[in-house]
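Sequential numbering of the sequence shown, starting at 1, is according to UniProt numbering.
Glycine residues also receive a C-beta, built at the ideal position from the N, C-alpha and C atoms.
Every value quoted in this text rests on a predicted model; they were computed, and no experiment measured them.
Notes follow the structure.
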Amino acid sequence: MAGSFTVADRVRDGGGVKPAPPARPRRRGIGWAQRLEIAALSGPAILMFAGFVIFPVLMAAYYGFYRWKGFGPPTDFVGLDNYKTILADTAFHEALLHNGQIVVLSLLIQGPIALGLALLLNHRMRGQSIIRVLIFVPYVISEVIVGTAWSLMLQTNGAVNDVLRSIGLGWLAEDWLANPDLALWTLMLILTWKYIGFAVILFLAGMQNIPEELSEAAAVDGATYWQTQWRVTLPLLGPTIRIWAFLSIIGALQLFDLVYIIWGQYVASTAGTSTMATYMVTEGRNAGNYGYGNAVAVVLFLISMLIALVYQRFVLRRDTEGALTGGR
């Protein structure tokens, strides 16, 4: 009879009769047609990644074991001597310290400013679109143009000091680029001006995904504007903030172009703005020791990868795990 169960299909529980759970469907394996389709779609990307990322890293690791002038096959094998020199060089230690300072200052300065601007621009106001464009424009300008313009304005006889003198504040005129007490803060001012637009746009995009009903419900419960931002907006914006922080950390570790354009290969170390990347170029390519430069590149890669793995493991884990599956 339709709908009836045999004895073997019944499970007795406290006198009740329940149907046995249905058998799980067998997983079907991926056919050759699907495998060929996956290979055809992902193959070009994998080849590009291997050719422009994996292969250069392996070659840099190979050349790092030699004293090499950049032409001809490397023959002067030095083993780990290049790496020992890097770890013992005080100039590299200073560059690493500067990178660490830039990482911390970028998070502490750019983050709050960008968050405040995003909260302000998240409301309807006159000229909202124009303000957004003006904030984002520096981000799309080439680093060469930005570095050249700021280096001209911040020279001793540049536009910044001329403006200060013209308004009677000549006592504030400084050597903004060569003074070791000011050079790092000058760099942070330029970096904030250049990259703040990216953070603002990223935060605004995250705020657009927060339902307005939550803020309205908080207002009905008597929460003030700042309580709503602290209790509702910021927690829900957490994943976006963590992603921005990750990108900011990696970018600060690999900072090169603006420092090299504004301070050059010699002033950067004396002014206190040298980075691991500028050290790599100065002591590698400019010194004619490409083997040593490749070794520095490997060290920079390992430091960045280690920090990225630690950050993903302890910070981004809550966003990558359970976001779609509901797991812990």
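In terms of DSSP beta bridges, what is residue i paired with?
| i | result |
| --- | --- |
| residue 77 | 66 |
Note down, in chain order, each residue of its chain lying with its Cβ closer than 7 Å to the Cβ of residue i, except the 5 sequence neighbours on either side.
| i | result |
| --- | --- |
| residue 229 | 119 |
| residue 309 | none |
| residue 101 | 184 |
| residue 15 | Because residue 15 carries a pLDDT of 48, less than 50, the predicted location of this residue cannot be relied on, and no value is offered for it. |
| residue 7 | Any reading at residue 7 needs caution, since the residue's pLDDT is 44, under 50, leaving its predicted position unreliable; the model's value is listed next. Same-chain partners within the cutoff: there are none. |
| residue 263 | 177, 271, 273 |
| residue 66 | 74, 76, 77, 78, 291 |
| residue 168 | none |
| residue 232 | 214, 215, 218 |
| residue 195 | 110, 139 |
| residue 114 | 196, 199, 200, 203 |
| residue 173 | 161, 164, 165 |
| residue 159 | 153 |
In whole angstroms, what separates the C-alpha of residue i from that of residue j?
| i | j | result |
| --- | --- | --- |
| residue 55 | residue 139 | 30 Å |
| residue 37 | residue 50 | 20 Å |
| residue 83 | residue 296 | 8 Å |
| residue 183 | residue 47 | 42 Å |
| residue 129 | residue 151 | 30 Å |
| residue 214 | residue 203 | 18 Å |
| residue 81 | residue 298 | 14 Å |
| residue 45 | residue 180 | 45 Å |
| residue 307 | residue 301 | 10 Å |
| residue 31 | residue 218 | 52 Å |
| residue 305 | residue 315 | 15 Å |
| residue 354 | residue 40 | Because the chain in this structure spans residues 1 to 328, residue 354 falls outside the shown range and cannot be described. |
| residue 72 | residue 288 | 13 Å |
| residue 166 | residue 278 | 36 Å |
| residue 189 | residue 154 | 12 Å |
| residue 52 | residue 42 | 16 Å |
| residue 243 | residue 197 | 15 Å |
| residue 193 | residue 90 | 31 Å |
| residue 303 | residue 149 | 32 Å |
| residue 319 | residue 103 | 22 Å |
Could you work out which residue in the options is closest to residue i when comparing CA atoms only?
| i | options | result |
| --- | --- | --- |
| residue 210 | 304, 122, 45 | 122 |
| residue 93 | 274, 207, 105 | 274 |
| residue 206 | 240, 277, 283 | 240 |
| residue 116 | 237, 290, 258 | 237 |
| residue 249 | 78, 108, 79 | 108 |
| residue 86 | 313, 280, 319 | 280 |
| residue 282 | 160, 95, 58 | 95 |
| residue 254 | 235, 90, 276, 163 | 276 |
| residue 208 | 234, 112, 220 | 234 |
So, is residue i buried or exposed, given that buried needs 16 or more other C-beta atoms within 10 angstroms?
| i | result |
| --- | --- |
| residue 260 | buried |
| residue 125 | exposed |
| residue 110 | buried |
| residue 286 | exposed |
| residue 270 | exposed |
| residue 157 | exposed |
| residue 88 | exposed |
| residue 266 | exposed |
| residue 106 | buried |
| residue 225 | exposed |
| residue 171 | exposed |
| residue 133 | exposed |
| residue 191 | buried |
| residue 135 | buried |
Suppose the cutoff is 6 Å on Cβ atoms and the five residues either side in sequence are ignored; what does the same chain contact list for residue i look like?
| i | result |
| --- | --- |
| residue 246 | 311 |
| residue 186 | 176 |
| residue 294 | 60, 63, 64 |
| residue 70 | 290 |
| residue 272 | 180, 183, 184 |
| residue 268 | 259, 274, 278 |
With a threshold of 8 Å on Cβ separation, who are the neighbours of residue i within its own chain once the five nearest residues in sequence on each side are excluded?
| i | result |
| --- | --- |
| residue 257 | 143, 144, 147 |
| residue 313 | none |
| residue 98 | 184, 272, 273, 274, 275 |
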